[in-house]
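Peer 1:
There are 2 protein chains.
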Amino acid sequence: MASHLENLLLPHGRTALCKSVLPALLDCIADIAESLHQSQHVSLAGGTNAFGDGQLNVDISAENLLRAALAECPSVETASSEEDPVERPARDSQAEGGVSATSEKYTVAFDPLDGSSIIAPNWTVGTIIGIWDGGSAIHQRPSEKQIAAILGVYGPRTTAIVALRVPGGEPCCLEIGIGKSGAHEFLRSDMRFADPPFKTRYFAPANLRAAAESEAYMRLITHYVEKKYTLRYSGGLVPDLVHALVKGHGVYISPVTSVSEAKLRRLYELFPVALVVECAGGKAINPVDGEDILTRPLENCDETAGLICGTAEEVGIAKKALLGSHP
Amino acid sequence: MASHLENLLLPHGRTALCKSVLPALLDCIADIAESLHQSQHVSLAGGTNAFGDGQLNVDISAENLLRAALAECPSVETASSEEDPVERPARDSQAEGGVSATSEKYTVAFDPLDGSSIIAPNWTVGTIIGIWDGGSAIHQRPSEKQIAAILGVYGPRTTAIVALRVPGGEPCCLEIGIGKSGAHEFLRSDMRFADPPFKTRYFAPANLRAAAESEAYMRLITHYVEKKYTLRYSGGLVPDLVHALVKGHGVYISPVTSVSEAKLRRLYELFPVALVVECAGGKAINPVDGEDILTRPLENCDETAGLICGTAEEVGIAKKALLGSHP
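Residue numbers (the working numbering), protein chains in the order written: chain D, 1 to 327; chain U, 1001 to 1327.
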């Protein structure tokens, strides 16, 4: 597997990303999977994070594993997470390895364990990671500066989706089988949404309750039912997106309505997911104004928004349904 | 864990069930989990089963593991599975261990790996097992003769739901954490659907496409949206049911309409699931006539039907919506 990543990254001056950051994060995903596998007793750890979510013991364990992994990567200067949404140095400046030996300098933003509500019933959950060029993600153009994203997928197997869009290189989306102790293998080196015609169309309607107040959302749902789309909605952003990627088709909608506010964290959820979707040939837009998720820079780490993403054609249909004649 | 099972089963003359059949099946669930964890390359094995489903390599592996486990249990006389839906002796009559040393005699019917369509995207899948008194499940009253059911749940962790309803004993539903090499532990010894009022109501609408032709099904879906139920629908019967059990509330609907035929196998899916639901205080009925799933005996191993199951109150609401003034 290493040589394939080397071919993709070394010609573009990404030695540390290739040989340090990505391997450390993939190994960390293996460690989080093992930690989840051992955690038969899922419990609230007692705290709430900055977004008001109750923290589970497994959230905290995943957070700690990722922080420790990043501290070992000299090129990672800054880190922040959904559990502690403030950009901070990735390690104690006194610690060994604190000085980067390369010209590469990265900021990593992550949601250590996405899908808290479905951990207790033992459904597939995930980790979401975005990797940015430079020492901060704030006020940077996401479409240029976020150069890689990783989704860790914890189900019957452990897999990861890696999206790469480094300057000078072709965007690509990879599926990787995660083994123990660094024994990872490429499953697919070019994950792409399929072109029409589609054998089966899938839809994942988040916050379906909002359709009670939004005629436009209700009409869109009715459209999917009448056109015989197949429903798959786990309520976990990672498994819902990975379903669409693996099937080659799908649309995920997290609407924003008068009574239902934007739920997804831009930095920790939307940006990495949007990079994966774009690298696989799909679209990811804001349901409020139709703008690409990766266009508008971040002002603060705790911003939220809605999402329509997936197969480009389907995103267009959903956008038209929700925005009508707006942009 | 063993002593808790002993308290539940030994007073009712179920030594072999307690000390041989259940431990063998729980260990087998651990083995299937390990096999799935190692199977990064999910592929069609080339065949189709009697129900016309394409067989995956992981289906066949799970089938073989279960057959081998049952062959080691002297009290299991007969076995059949969704992959080979014919009742046959559980072992070669010449083989060692072929003579039961106890008066207990069981028939085991199983779906080795339910949820084929969601294995590739790495979503949680499951094993479904029903255990019957006597040498056959055919022409027997399911409500009396199916005395135990097990759901194996393969997600970030491995868990099992065990329902027991042996004559003379109290019905009970247990959640078990599956570890390696027989290291299992009770997570909950009395899994029950909650009583009203419900904080959050969940619904899982299978075959939602059918709502395009069924006004009654569409009205029921609209009811859930308007009443702000939370949607969770993975498309896997085991994870969908386990979600409801763990949350303490939920309703699962697999309708039968003019253009959408009955999809679920009575022997391999509906009967074990119905026993689990009833032992947890819920209801499981046929959406066509409202009859309890466990009432009507089986004529053939390959019979299918629809399903409404979950929280008793919710099953009543769905039944009324789909059947109207019928029975």
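Each residue gets a CB set at the ideal place from its N, CA and C atoms; glycine is no exception.
#1: Under 7 Å between beta-carbons, which chain D residues line up against N1122 of chain U? List them in chain order, please.
#2: Quick check: the Cα distance between L8 of chain D and A16 of chain D, rounded to an integer number of angstroms?
#3: Could you check whether the Cβ of P1112 of chain U sits closer than 9 Å to any Cβ belonging to chain D?
#4: Classify A1002 of chain U as buried or exposed, calling it buried when 16 or more other Cβ atoms lie within 10 Å of its own Cβ.
#5: Once you ignore the five residues that flank T149 of chain D on each side, which residues in its own chain have a CB closer than 6 Å to its CB?
#6: Would you identify the three-state DSSP class for Y1217 of chain U, choosing helix, strand or coil?
#7: Residues bridged to F1203 of chain U by DSSP?
#8: Mapping the DSSP letters down to three states, classify G135 of chain D as helix, strand or coil.
#9: Residues of chain U with CB closer than 8 Å to the CB of P239 of chain D, please, in chain order.
#10: Decide if the region 203-218 of chain D is in contact with the region 158-175 of chain D; the criterion is three or more beta carbon pairs, one per stretch, under 8 Å apart.
#11: Is there a C-beta anywhere in chain D that falls below 9 Å from the one on L1005 of chain U?
#12: Give the residues of chain U in contact with L208 of chain D, contact being defined as C-beta atoms less than 7 Å apart.
#13: Closer than 6 Å by C-beta to P1085 of chain U: which residues in its own chain qualify, once you throw out the five before and the five after it? Chain order, please.
#14: When Cβ atoms are compared, which residues of the region 65-76 of chain D fall closer than 8 Å to chain U?
#15: So which residues of chain U does H37 of chain D contact, with C-beta pairs closer than 8 Å?
#16: Measuring CA to CA, which of D:L231, D:H243, D:G126 is closest to A1211 of chain U?
#17: Would you mind giving the Cβ-Cβ distance between C1028 of chain U and L1066 of chain U, rounded to the nearest angstrom? I have them listed as a contact below 8 Å.
#18: Is it the case that the region 1238-1257 of chain U contacts the region 1196-1208 of chain U, given that we only count it when at least three CB pairs across the two stretches are under 8 Å?
#19: Any chance the region 1283-1303 of chain U sits against the region 1259-1272 of chain U, with 3 or more Cβ pairs inside 8 Å?
#20: Nearest-angstrom Cα distance between G1182 of chain U and H37 of chain D?
#21: I need the DSSP call for P1023 of chain U, collapsed to helix, strand or coil.
#22: Answer yes or no: do C309 of chain D and P171 of chain D have a C-beta to C-beta separation smaller than 9 Å?
#23: Within the same chain, show all residues whose beta-carbon is closer than 8 Å to that of I176 of chain D, passing over the 5 residues directly before and after it, in chain order.
#24: Which first and last residues belong to the alpha helix (DSSP H) in which I1317 of chain U is found?
#25: Here's the rule I'm using: 16 or more other beta-carbon atoms within 10 Å means buried, otherwise exposed. How should E299 of chain D be labelled?
#26: Residues of chain U with CB under 8 Å from S254 of chain D, in chain order?
#27: Work out the CA separation of R1157 of chain U and Q40 of chain D for me, nearest whole Å.
Peer 2: Checking against the coordinates, here is how it stands:
#1: T124, V153, G155, P156, R157, T159, V242
#2: 13 Å
#3: no
#4: exposed
#5: The residue you asked about is not Thr; residue 149 of chain D is Ala in the sequence shown. For A149 of chain D, where only same-chain residues beyond five positions count, the Cβ hits under 6 Å are G130, A163, P272, L275, V276.
#6: helix
#7: U:L1231, U:V1251
#8: coil
#9: P1121, N1122, W1123
#10: no
#11: no
#12: V1225, L1231
#13: A1050, C1301, D1302
#14: none
#15: P1156, R1157, T1158
#16: D:L231
#17: 6 Å
#18: yes
#19: yes
#20: 15 Å
#21: helix
#22: no
#23: M1, L26, T159, A160, I161, V162, H184, E185, F186, L187
#24: 1312-1323
#25: exposed
#26: Ordered by position in chain U, no residue passes the 8 Å Cβ test against S254 of chain D, which lies about 12 Å from the chain.
#27: 7 Å
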